[in-house]
Each structure stands twice: as C-alpha cells, then as structure tokens.
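Counting from 264, one number per residue, gives the positions in the sequence shown under this note's numbering.
Glycine is no exception: its CB is placed at the ideal position from the N, C-alpha and C atoms.
What you are looking at is a predicted structure, and each value in this text was computed from that prediction instead of being measured.
A short write-up of the structure that comes next.
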Amino acid sequence: MPPSKPCLARLLTVLDDSLADFSLDINRVIAPLLDAALRESPDDALLREEARAFSWNGTRFLQQIDIGAFSSRLKALTFDGLQEKGKGSYATVYRAVCRLSGDVITLKKLKLDRESEGFLGTAIREVSLLKELRHPNIVELRDVLWDNHRLYLIMEHLDRDLREHLDVCPAASALHNVKSYMYQMLEGMAFIHANRVLHRDLKPQNILVESDTNTIKIADFGLARCFTPPVRAYTHEVITLLYRAPEILLGGTIYSTPVDIWSIGCIFAELVNGVPVFQGDSEIGQLYQIFQVLGTPSRATWRGVEDMPDWQHCFPHWPSKPISQVVPRLCPQGQDLLSQMLRYDPSSRISARQALQHPYFHDLTASTLSGQGSLDPSAPTTVPSEPLSQQSQESAASQSCQPFPPQRRLYPTRSAVAAIAAGR
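Take a look at the structure:
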C-alpha cells in the first residue's frame, strides 16, 4: 500500500540512509525534503514544532543537526490510535497504527531515567538481540526510536499471547494444534540456541500468536543472554517461577540451554492440560511441586544434585508419577518427548534441534508447519495428506538455524541519498 504521506515517508527514508554520512550537506539534501513534507501537511502543527526545535527557519536549517534524533522525533509523530496492551516494570506496550504505511504495529516504550538506570542494559540487550535474531518464529523488530530519554521498539503486531489465545479459543488446545505450536516454538528456539543465546524467560505470556495463520512467535528478550565457551556463571533470579528449571531453583548459577527446554516442557504440558503443570507459590513450593510429580531427585537420577547450593538432604522423598498420569490426553510419543524435556539432569535433557526430529512430529503436514494449521476442534489429530518425510523434517530443523531474510522497512525505500543530492 502506498504511504498516505509520501513526502514525509521519503524524508524519513533518506534520514535513515544518512545516519552514517557525516559529510552530509543537510540544507542541500534534507531541507528540500522537509519543506515538501511540511507543504504536504500544512495543518500538522507538531511536525512544524519539531522542525523548529532542530533550527529550521522555514527554508533551511540554521545549524548542523543530529540526524538520528531528528529521525526518531519525526517517526514518533507517525503513530495513531495508541491502545495500551500491557505494562511492566520498565516498559509499556501499545497497539498503534502507522499513518504512513497503514500497518498495525506493537510499540514498546521503555522509560530510561535515573530511577530506572538498571533497565538500560536490559533495553540495549533486547534491541541488539532482536536485530540479529531474524526467524519466522521470532517476533520481528522493525525500528528503534529514541526520544526524550525514552526508547521505543517498533515491532510487528500479533493478536495475542499464548495464554490469552488458550483462554479465548478453546480449540487452540486441540492436540493437532498443540503439536503445531510446539514444533514452531522449537524451531524458533533451535535458531536462538544455534546463535548462542539463552532466552531465560519463556512462558505463555512471552509466546505470541497470529490467530489467522496459527503462527507462533517468541518474544520478550529482556532477560536473554549470549553465551560462549567456557561456561560462565549467571544470576539465578531469572525465568518466571512456574517455568523455572530445577537447577536454577536449587541455586545454580552455571547453566545453559537446557533451562529454556525445561520452560518449553512446562508450556507443552500446560497446552495439553490447560493449567500449569507445576504451581508453586514460592521457590521451595515450586521445587516440592516438581518433586511430587517427577519424584525427589537423587544421585541416580541427577548426577551432582547433592552438590547444588540449595540442596537439602532433609527434602521429603516422593516417588515419581507415570508421565501418562501427568498428561493423560497426550499420545505416547508426545509423553515421551515431554519426559525428555523435563529430565532432572540438564545434560540429559533433549535439545531443541533433537526435539524437532522426535517421532512425535513425524505426522505433521507441510501445510501445518507453514502456519496454516486449523483451529477446528473436530479436525483430526493427524492429517494424512502431504506428510513430511524424515529428510524433509531434518531439512526443516537445519533451516531453522539459517538467517531470516532482511526485515521489511516500516517506511518505504525510495531514492538513495546520492540520487537526491544529484537532483533526481
């Protein structure tokens, strides 16, 4: 769709393309475009006010300007219909519409002031990771704006998170849909782990759903960390309690990708049962919930467990329950996959890439994996048409670690700066 304000769209595109051009003559390149944008919107008082704030006198700039700051301030004016969708400790999330492209987007506003200095690293980390992690099952970061000590992340908009989706769409818990969601989640996580990143906050609220296509996307990388050998120590104050791995609950600070797999296993069981599988209200309560289902761990089931910082020899002893009692709706192959995700010993927990090749997924169809899964509760659990061969599934697992194509720009690219300067 062509932009509703083509002159402003062109100005923003050229500003973006000029960020690294320190020799740019702003009055030769930028001034004519700004003048055209102002004439295009004669009643836009905010646009004129921002222009004056950057030394615009009506025909030219009186001094050199910060191109990045000017671009961010102008972009912030292009979003209409802000609706608050959620508020966290350091960010507020809005639904908005871009006046230039007509796109519905998600705008995440991060407040960075003296009272929230500790969140600066979180914001920078989320931005840097989302700019690098380009994959169909990871939420797309489209732009980053900076304005008045606030950072704005402009991301693709999805209808709802997985928890909301389960609440408003009962058919989402149909077993064939659960299988599709799990495969997509694991594809995204295999890509994340292949790029040496730990998410560390996987939960249904951080898994977004596009209901029209039944597509799953992983979001919220505020607690994510890059990891490289040798393994280093991390904080154990990560991951929402109900999805936190036992090695973290027992005070471990040296951990890796298996903590994300545990969280995915908890989400898997929740998709099947409709409620969280472990529902503790404290760290010790969560441990006891896990022990009552999987049995109290011992040296035989978890090598080194007694050396964990918060291990107590006086922990109550509970026997393990059969996995068929934990998720009775799930087929035997699904139960086997879940049991491998919820193993105590992190070193024996299945990886995301291995999970993609588990027999549980062998009857998925190509159409389901393309994000077109049905939400019809009467649909069969397996669809015999277009079955994926073992070779195709291995290929899909391999491709999940390939770079995603470059992001689509929110502002349509027109002419290059050189062409503008040349008068074309």
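- Segment contact: the region 389 to 402 against the region 455 to 472, three or more CB-CB distances shorter than 8 Å; contact assigned.
- Rounded to whole angstroms, the separation of the alpha carbons of SER443 and LEU627 is 8 Å.
- Around the C-beta of ASP573, fewer than 16 other C-beta atoms lie within 10 Å, and the residue is accordingly described as exposed.
- With contact defined as three or more Cβ pairs closer than 8 Å, the region 476 to 492 and the region 523 to 539 are not in contact.
- Within its own chain, the residues whose Cβ lies closer than 6 Å to the Cβ of ASN469, once the five positions on either side in sequence are excluded, are ALA482, ASP483, listed in chain order.
- Each residue's CA atom was taken as its position, placing GLU546 and ALA283 some 49 Å apart.
- Pairing LYS371 with MET571, the inter-Cα distance amounts to about 38 Å.
- When the alpha-carbon of MET448 is set against those of ILE613, THR491, GLU312, ASN400, the nearest one is in ASN400.
- Within its own chain, the residues whose Cβ lies closer than 6 Å to the Cβ of THR520, once the five positions on either side in sequence are excluded, are HIS456, listed in chain order.
- Nearest to ILE328 by C-alpha distance, out of ALA354, GLY349, ILE293, is ILE293.
- Per DSSP, the unbroken alpha helix (DSSP H) holding ILE330 starts and ends at 330 to 338.
- Rounded to whole angstroms, TYR607 and VAL535 show a C-alpha spacing of 21 Å.
- Secondary structure at GLY548: helix, using DSSP grouped into helix, strand and coil.
- In its own chain, leaving out the 5 sequence neighbours on each side, no residue places its CB closer than 7 Å to the CB of SER611.
- Here ALA339 is near LEU408, since their CB atoms are less than 8 Å apart.
- THR559 places its beta carbon 8 Å or farther from that of PRO585.
- The continuous stretches of alpha helix (DSSP H) do not include GLY537, and DSSP gives it neither H nor E.
- A Cβ-Cβ separation of about 12 Å leaves ALA299 out of contact with LEU310 under the 8 Å criterion.
- Between the beta-carbon of SER436 and that of LEU425 there is about 11 Å, and that puts the pair past the 8 Å contact cut.
- The Cβ atoms of TYR415 and PHE624 do not sit closer than 8 Å to each other.
- When secondary structure is reduced to three states using DSSP, GLN575 falls in the coil class, being assigned neither helix nor strand.
- TRP565 has no beta-bridge partner at all, per DSSP.
- Annotation for THR355: LYS372 place their beta carbon closer than 6 Å to its own, counting only its chain and skipping 5 residues before and after.
- When only Cα atoms are considered, GLN620 and LEU600 end up about 10 Å apart.
- For PRO609, the closest alpha carbon among the candidates ALA434, ALA359, ARG566 is that of ARG566.
- Annotated three-state conformation of GLN555 is helix, per DSSP.
- Annotated as distal: TYR518 and LEU465, with beta-carbon spacing of 8 Å or more.
- If you draw a 10 Å sphere on the C-beta of THR369, you find 16 or more other C-beta atoms in it, and that means buried.
- Rounded to the nearest whole angstrom, the CA to CA distance from LEU593 to LEU438 is 7 Å.
- Under the 10 Å beta carbon count, HIS576 is surrounded by fewer than 16 other beta carbons and is classified as exposed.
- Under the three-state reduction of DSSP output, ARG315 falls in the helix class.
- Looking from the CA of GLU569, the closest CA among TYR551, VAL367, ARG315, GLY515 belongs to GLY515.
- By the Cβ neighbour-count rule, GLY451 is buried, with 16 or more other Cβ atoms within 10 Å of its own.
- The three-state reading of DSSP puts GLY597 in helix, counting H, G and I together.
- Judged by their CB atoms, ARG362 and LYS348 are not nearer to each other than the 8 Å cut-off.
- Short of 8 Å from the beta carbon of LEU296, and not among the five residues preceding or following it, lie these beta carbons of its own chain, in chain order: CYS270, ARG273, LEU274, VAL277, ILE683.
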